[in-house]
Amino acid sequence: MRIKRIYQILSAVLIVLPMLVLLGNWERIPDQLPLHFDQFGQADQFGTRRQWLTSISWSILVLSTIRIVFLNLMSRQPGIGRSQLVKLYLSTALLMMGASILLIGQGVWQRPLYQEWLPILFFLFGSSFVYYGVPAELFIEPLKPNQTNQSFIRQLAIRQRVHSLTRLVTIRVNLLTVLVMLFVRGQDRWSVGILANLLVYVFIAGYSFYLRRHLNEV
Numbered sequence: 066m067r068i069k070r071i072y073q074i075l076s077a078v079l080i081v082l083p084m085l086v087l088l089g090n091w092e093r094i095p096d097q098l099p100l101h102f103d104q105f106g107q108a109d110q111f112g113t114r115r116q117w118l119t120s121i122s123w124s125i126l127v128l129s130t131i132r133i134v135f136l137n138l139m140s141r142q143p144g145i146g147r148s149q150l151v152k153l154y155l156s157t158a159l160l161m162m163g164a165s166i167l168l169i170g171q172g173v174w175q176r177p178l179y180q181e182w183l184p185i186l187f188f189l190f191g192s193s194f195v196y197y198g199v200p201a202e203l204f205i206e207p208l209k210p211n212q213t214n215q216s217f218i219r220q221l222a223i224r225q226r227v228h229s230l231t232r233l234v235t236i237r238v239n240l241l242t243v244l245v246m247l248f249v250r251g252q253d254r255w256s257v258g259i260l261a262n263l264l265v266y267v268f269i270a271g272y273s274f275y276l277r278r279h280l281n282e283v
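Numbers in our numbering are just positions in the sequence shown, counted from 1, shifted up by 65.
Listed below in structure tokens is the structure:
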């Protein structure tokens with residue numbers, strides 16, 4: 066069995082495991098379960114176990130479709146090796162597994178766990194995606210004879226520097242953001258994560274502008 070097939074099977078097992086545990090304990094689940102929570106974390110819509118299971122199944126199906134499209138796109142990117150792709154398969158499977166556990170848990174315990182903890186899962190995955198899915202060095206095709214002048218080489222050096230810095234800062238900021246999210250209210254976690262990443266992009270844009278302006282002055 067090829068390594069590719071092994072990690073695909075392992076990823077699938079991780080994704081379906083929460084649903085298998087749920088079905089194994091089906092009779093212990095209450096007959097009425099919350100289907101939706103308002104902005105204050107209060108359940109405002111209830112349904113039967115079957116309706117609740119259908120809602121969870123549709124959510125997992127949508128997430129699985131997004132995951133498949135994402136992995137197919139990543140597998141076509143230049144510079145992505147097999148080991149990186151394996152890690153992306155497993156990390157996205159763990160993200161799916163965590164989302165499934167939150168969806169199931171918020172129904173069983175009647176708390177908006179999915180709304181409160183999904184931002185943490187999302188930005189934690191974002192950090193791991195950049196770490197595993199984005200090469201440390203920017204992929205650049207071999208230079209042609211007419212591209213060997215010093216100005217062009219300096220431009221490539223700037224692109225490499227900006228790429229490496231963007232990767233490093235994004236990873237660390239998202240990890241720090243996840244830590245901060247643990248101490249803020251659930252409804253504010255998306256805002257914290259989005260604001261932190263916007264600040265990263267503003268910083269990188271300013272740094273890139275400074276380097277290019279400095280290059281033009283040389």
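Backbone N, C-alpha and C define an ideal beta-carbon position, used for all residues, glycine too.
Rounded to whole angstroms, K152 and Q142 show a C-alpha spacing of 15 Å.
Counting only runs of at least 4 residues, the segment 121–190 fully encloses the following alpha helix (DSSP H) elements, listed from N- to C-terminal order: 147–173. Residue range 108–113 is occupied by the beta strand (DSSP E) that includes G112.
Straight-line measurement puts the Cα of L88 at about 15 Å from the Cα of V78. Residues of the same chain with a CB within less than 7 Å of the CB of R114, apart from the 5 flanking positions on each side, are I94, D96, L98 in chain order.
Counting along the chain, the unbroken beta strand (DSSP E) around F102 starts and ends at 97–102. In this structure, the CA atom of Y72 is about 16 Å from the CA atom of G198.
The three-state reading of DSSP puts E202 in coil, since its state is none of H, G, I, E or B.
If you draw a straight line from the Cα of G191 to the Cα of R250, it is about 20 Å long. Secondary structure of V249 (DSSP, three-state): coil. A residue is called buried when at least 16 other Cβ atoms come within 10 angstroms of its Cβ; G146 does not meet this threshold and is exposed. Secondary structure at N262: helix, using DSSP grouped into helix, strand and coil.
Counting only residues of its own chain and dropping the five nearest sequence neighbours on each side, S156 has a CB closer than 8 Å to the CB of F190, S193, F194, Y197. Two segments are said to touch when three or more pairs of C-beta atoms, one from each, lie closer than 8 Å; by this definition the segment 224–238 touches the segment 268–280.
By the 16-neighbour rule on beta-carbons within 10 angstroms, F248 is exposed. For the pair W255 and I169, the Cα-to-Cα distance works out to about 21 Å. When the beta-carbon positions are compared, S129 and I80 come within less than 8 Å of each other.
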